[in-house]
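One structure below.
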Amino acid sequence: MRNGSRQTCLLWTLALLWAAPLQALAADPLPSWNDGPVKQSIIDFVTRSTTEGSPGFIPPEERIATFDNDGTLWQEQPVVQGAFLKEQVKARVKEDASLALKQPFKAVLEGDLALLSTMDEPELMALFSATHKGKTQEEFAAEARTFFKTARHPKLGVPYTQLAYAPMLELLQYLRAHGFQTWISSGGGTDFMRVISEDTYGIPPQQVIGSDLKEHFDDQDGHPVLRREAKVEHINDKAGKPVGIGQRIGRRPVFAAGNVRSGGDIQMLQYTKQQPRAGFTLLINHDDAQREFAYQEKNDASLKAARAGGWAVVSMRQDWKHIFPEGR
């Protein structure tokens, strides 16, 4: 064999050797997930629902996927919105010192992160009412952006936006690549999440559903704005989640993901699973104290509902190769 032929064969061999691992990587849509029943069930569902002629085929316009945010897409110890509220409460107390003696303002000012971690959505929204009455959407968004630029997680020491879960970011991308609309449906404040939803998750602001304060139109001398009131419009938690989804989307999700903490995602997952075309339901179980945090519900309501409903349950410890993006 001539030298030129030998060199050509060698180059082709090397090219194939290099291409093989790249092809294997490209073939795995969820590389941060360990191989197992949960990962395979996700892939099987997406394959069935996007294969024309398959009994499980879902038309593109019906491919709606909804995700809780806190504890499902990023960490929630402490709840990020609670940490933001702490800074807002400090500013509010400067205006009204009497609030410093009232709960939950007092505990928030004392840095009681344990309290913030256990506060439910109605309590958080009540604080929002007290701290944001009269503010415009633009004023609130500016305060939230400042918080996200400067705040750091008290234990992990990095910006909160770096604590999105790597496996869930891959899942969002995988679903979108197969024609799914990805929505956030969270108990957190809508406007708060909208500030970071697109940069962090690739989810545009108009596809964020959350809890809201009442607002009213204010002409403001020819400069029209929407101004917040000290009244809650909607709590997008527990039974409020299907209501918010129905009002904002107008279709039932065919894919939904939530997490174990307060039972706040049970109704959204039930609403997704129990329909003429059974949807896919995913529950994140926080059981990895070493790499993130381990916590359970007192009554195990979410895990019980998962067993009864046949939901896929993610063990963060067993199903995820790593929790956060590498190099964060």
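Residue numbers -26 to -1, 1 to 302, in mature numbering (1 follows the signal peptide of the UniProt record, and there is no 0), belong to the letters of the sequence shown in order. We put the beta carbon where it would ideally sit given N, CA and C, even for glycine.
- Between L277 and V287 the beta-carbon gap is near 7 Å, inside 8 Å, which marks them as a contact.
- In this chain, the beta strand (DSSP E) harbouring S160 covers 155 to 163.
- Comparing alpha-carbon positions, the option among A104, K68, V54 lying closest to P78 turns out to be A104.
- Cα atoms of P34 and L256: separation of roughly 21 Å, rounded to the nearest angstrom.
- The straight-line gap separating the alpha-carbon atoms of Q244 and G283 is approximately 7 Å.
- For F41, the uninterrupted beta strand (DSSP E) run begins and ends at 38 to 41, by DSSP.
- Counting along the chain, V82 sits inside the alpha helix (DSSP H) bounded by residues 79 to 83.
- Per DSSP, the unbroken beta strand (DSSP E) holding T255 starts and ends at 254 to 259.
- Residue state for S171 is assigned as helix, using DSSP reduced to three classes.
- Judged by pairs of C-beta atoms under 8 Å, the region 195 to 205 does not touch the region 170 to 182, as fewer than three such pairs exist.
- Residue range 182 to 192 is occupied by the beta strand (DSSP E) that includes K188.
- By the beta-carbon neighbour count (other beta carbons within 10 angstroms, threshold 16), E266 is buried.
- Taking a contact as a CB-CB distance under 8 Å, the pair K107 and E189 does not count as one, their CB atoms being some 11 Å apart.
- Cβ atoms of K205 and L187 come within 8 Å of each other, at about 7 Å.
- Only residues of its own chain outside the window of five on either side were considered, and among them R22 have a CB closer than 8 Å to the CB of P29, listed in chain order.
- Non-local C-beta neighbours of L83 in its own chain, meaning closer than 7 Å and more than five positions away in sequence, comprise V63, K64, V67, A74, ordered along the chain.
- When beta bridges are read from the DSSP output, S289 appears opposite N259.
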